[in-house]
């Protein structure tokens, strides 16, 4: 087995999942499902099943759930009941620990792009060349659910420009090609590259860092040729005790035998587990975060103008 890779380039783009990674929606999903299961005399949703639902597009997740639950109602009736419960509870979603700071710090790296001389000044203080880290959202949630979950968190999600949000019902995604396949992350990267400032070199997959909580999501990131941070729910982590290396390599078989050349190798250094995203180790990934004081500078108060890079 080859030693883990350590010579990665600095991260230039961070791609974020949403449910269970940015927001505490996974527990709300479970609560809604358990209310329905109890109504029809079924037990609570076990993590062995929930683990298979996480990160997948709605139609795929619903099929897996119905094959297991065997509810005395149609799939359409279940979706209607579940949607009603979600609309009641999703407005209470909250950011998970460390997320507000993480997004704020990454957003502040825009300083290196807009401040004259900032790069030169910082080179004396860091071994990494300071540069802006671009971010995008890549979630399996459809537009309707996204709005219900985030309408009360507009300030938090303002860091994701609308053209850098890829949702599960994005018309550019091929139906049936959701996570664990790589399409959503590759499209998220494309949205960044298509809107880079003129003259900035396009970002490559290995310069991307994917943040995921789900196992299918980790596999999607690995299949996209990107580095991955896996920050799962504690109960999901427990479900995969002893198999963490397989998860990080994208080798849990979430997509079956499809394009196996895309997945990673065990302990290859491309992915790692984190208990929490609080106190994220930016320097480890070549990310230089400017001090919070730069927010007061005039250049940071200007509304960013996204310029499409010339091809």
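Numbering (our numbering), first residue to last: 28 to 338.
By construction, the Cβ of each residue, glycine as well, lies at the ideal position given by its N, Cα and C atoms.
Starting from residue i and walking both ways along the beta strand (DSSP E), at which residues does that stretch end?
i: residue 41; result: 40-43
i: residue 300; result: 298-300
i: residue 256; result: 254-257
i: residue 129; result: Unbroken run through residue 129 is the alpha helix (DSSP H), 126-135; no beta strand (DSSP E).
i: residue 164; result: 161-165
i: residue 239; result: 235-239
Does residue i pass the burial test, meaning 16 or more other C-beta atoms within 10 Å, or should it be called exposed?
i: residue 138; result: buried
i: residue 45; result: buried
i: residue 205; result: buried
i: residue 311; result: exposed
i: residue 260; result: buried
i: residue 291; result: buried
i: residue 176; result: buried
i: residue 153; result: Here the model assigns residue 153 a pLDDT of 47, short of 50, so the residue's position is not dependable, and the following value carries that caveat. Classification of residue 153: exposed, given that the 10 Å Cβ count is below 16.
i: residue 306; result: exposed
i: residue 33; result: exposed
i: residue 62; result: exposed
i: residue 174; result: exposed
i: residue 171; result: exposed
i: residue 150; result: Because residue 150 sits at a pLDDT of 46, beneath the cut-off of 50, its placement in the model cannot be relied upon, and the following sentence gives the value as read from the coordinates. By the 10 Å Cβ count, residue 150 comes out exposed.
i: residue 71; result: exposed
i: residue 201; result: exposed
i: residue 316; result: buried
i: residue 280; result: exposed
i: residue 88; result: buried
i: residue 211; result: buried
On the DSSP letters alone, give me the boundaries of the alpha helix (DSSP H) that residue i sits inside.
i: residue 249; result: 242-250
i: residue 266; result: 261-266
i: residue 92; result: 85-96
i: residue 173; result: 170-177
i: residue 119; result: Run containing residue 119: none; DSSP gives neither H nor E here.
i: residue 52; result: 52-66
i: residue 274; result: 271-276
i: residue 325; result: 325-328
i: residue 141; result: 138-141
i: residue 303; result: Run containing residue 303: none; DSSP gives neither H nor E here.
i: residue 78; result: 74-80
i: residue 281; result: Segment: none, residue 281 is in no alpha helix (DSSP H) and carries neither H nor E.
i: residue 182; result: 181-184
Can you give the beta carbon distance from residue i to residue j, rounded, assuming they're within the 8 Å contact cut?
i: residue 191; j: residue 218; result: 5 Å
i: residue 7; j: residue 266; result: The structure shown has nothing for residue 7, since the chain only spans 28 to 338.
i: residue 282; j: residue 324; result: Actually they are not in contact, since the Cβ atoms of residue 282 and residue 324 sit about 46 Å apart, beyond 8 Å.
i: residue 165; j: residue 42; result: 5 Å
i: residue 286; j: residue 250; result: 7 Å
i: residue 129; j: residue 183; result: That belief does not hold up - the Cβ atoms of residue 129 and residue 183 are roughly 11 Å apart, past 8 Å.
i: residue 357; j: residue 220; result: Because the chain spans 28 through 338 in this model, residue 357 falls outside it and cannot be assessed.
i: residue 258; j: residue 303; result: 7 Å
i: residue 193; j: residue 215; result: 5 Å
i: residue 132; j: residue 300; result: No, residue 132 and residue 300 are not in contact; Cβ-Cβ is about 21 Å, not under 8 Å.
i: residue 52; j: residue 117; result: 7 Å
i: residue 296; j: residue 31; result: 3 Å
i: residue 256; j: residue 28; result: Going by Cβ atoms, the distance from residue 256 to residue 28 rounds to 22 Å, so no, they are not a contact pair.
Any heavy atom of the ligand GTP inside 8 Å of the beta-carbon of residue i?
i: residue 91; result: As for the ligand GTP, it is missing from this structure, which has no ligand bound.
Touching or not, the stretch 195-202 and the stretch 229-248, by the rule of three or more beta carbon pairs under 8 Å?
No, because fewer than three Cβ pairs between the stretch 195-202 and the stretch 229-248 fall closer than 8 Å, the two stretches do not touch.
Is there contact between the stretch 123-142 and the stretch 71-89, where contact requires at least three CB pairs shorter than 8 Å?
Between the stretch 123-142 and the stretch 71-89, the count of Cβ pairs shorter than 8 Å is below three; the stretches do not touch.
Which runs of the alpha helix (DSSP H) at least 4 residues long sit entirely within the stretch 190-232? Give them in chain order.
Considered as a whole, the stretch 190-232 harbours 210-220 as its complete alpha helix (DSSP H) runs of no fewer than 4 residues, in chain order.
Could you tell me whether the stretch 177-187 touches the stretch 60-68, using the rule of 3 or more Cβ pairs below 8 Å?
In short, these stretches do not touch, since the Cβ pair count stays below three.
Check whether the stretch 110-123 touches the stretch 52-60, counting contact only when three or more Cβ pairs, one atom from each stretch, lie closer than 8 Å.
A contact exists between the stretch 110-123 and the stretch 52-60.
Whether or not the stretch 29-40 and the stretch 156-170 are in contact is what I'm after, with contact meaning three or more pairs of Cβ atoms, one per stretch, closer than 8 Å; do they touch?
Yes: the two stretches touch, three or more of their Cβ pairs being nearer than 8 Å.
Does the structure place the stretch 268-280 close enough to the stretch 82-98 that three or more beta carbon pairs sit under 8 Å?
Flag = no, the stretch 82-98 and the stretch 268-280 do not touch.
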